[in-house]
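Residue numbers (the numbering used here): 416 to 613.
Backbone N, C-alpha and C define an ideal beta-carbon position, used for all residues, glycine too.
One structure is given below, encoded as structure tokens.
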């Protein structure tokens with residue numbers, strides 16, 4: 416009889432319908448796809464955590480992968496503040512406030528990773544999975560609500576398509592400098608969704 420705890424994985428978010436060639440309709444579609452990359456990343460962490468062996472090279476690689484999954488702040492630092500200037504003060508406030516709801520579980524998980532990496536904390540499957548579950552259970556509702564806040568009708572009312580496209584070009588240049596070919600790109604590739612375009 417197995418003593419391993421029952422593995423619970425998280426469902427991906429539905430990807431909204433729309434035209435990806437329409438910059439306004441693209442926003443919630445892309446956000447859902449990227450959020451699903453994050454959810455699949457957490458699911459893979461949960462799944463493969465059962466195969467972790469401390470001291471092996473795989474262990475360090477696994478912890479590096481966990482670090483890569485956890486770090487996403489571009490929307491918080493680039494997109495939301497800009498949208499707030501276009502949609503009106505407080506328009507994106509609930510999204511920014513929601514980020515605060517999962518900061519504690521995120522900080523707890525990041526601390527666990529740091530302690531595992533340094534050897535301060537010994538590997539414990541149950542502790543690891545509990546920390547992931549607490550984080551994702553706080554994070555997932557926020558990921559869904561964020562998509563809802565990017566309704567194309569609302570964006571279209573306040574932001575002309577040409578202005579949005581210009582913002583996207585500017586953000587693309589910033590992201591090119593930030594994205595790592597050894598962490599960001601493999602994470603997107605491994606956890607992406609070929610059907611929906613990521």
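Sub-8 Å separation of residue i and residue j beta-carbons
i           : j           : result
residue 573 : residue 501 : yes
residue 430 : residue 453 : no
residue 428 : residue 461 : no
residue 582 : residue 497 : yes
residue 527 : residue 536 : yes
residue 503 : residue 602 : no
residue 442 : residue 567 : yes
Closest by C-alpha distance to residue i, when choosing among the options
i           : options               : result
residue 491 : 586, 599 and 597      : 586
residue 525 : 547, 504 and 442      : 547
residue 458 : 600, 545, 522 and 594 : 545
residue 437 : 580, 493 and 471      : 580
residue 589 : 426, 471 and 493      : 493
Cβ-based neighbour list, residue i, same chain, cut-off 7 Å, excluding 5 preceding and 5 following
i           : result
residue 444 : 430, 431, 433 and 435
residue 446 : 561, 562 and 565
residue 608 : 448 and 451
residue 598 : 483
residue 553 : 516, 517 and 520
For residue i, three-class secondary structure by DSSP
i           : result
residue 475 : helix
residue 531 : helix
residue 553 : helix
residue 519 : helix
residue 437 : coil
residue 422 : coil
residue 566 : coil
residue 572 : helix
residue 427 : coil
residue 637 : Lying before the first or after the last residue shown, residue 637 is absent from the chain, which here runs from 416 to 613.
residue 585 : helix
Proximal residues to residue i (C-beta, below 6 Å), its chain only, five neighbours per side dropped
i           : result
residue 637 : The requested residue 637 is not part of the displayed model; the chain covers only 416 to 613.
residue 469 : 538
residue 571 : 439
residue 507 : 495, 498 and 499
residue 578 : none
Neighbourhood of residue i by C-beta distance below 8 Å, restricted to the same chain and skipping five residues each side
i           : result
residue 505 : 499
residue 523 : 546, 549 and 550
residue 604 : none
Checklist entry - Do the segment 544-557 and the segment 517-524 make contact, defined as three or more Cβ pairs closer than 8 Å? => result yes
With three or more beta-carbon pairs closer than 8 Å as the criterion, would you say the segment 462-482 touches the segment 529-543? yes
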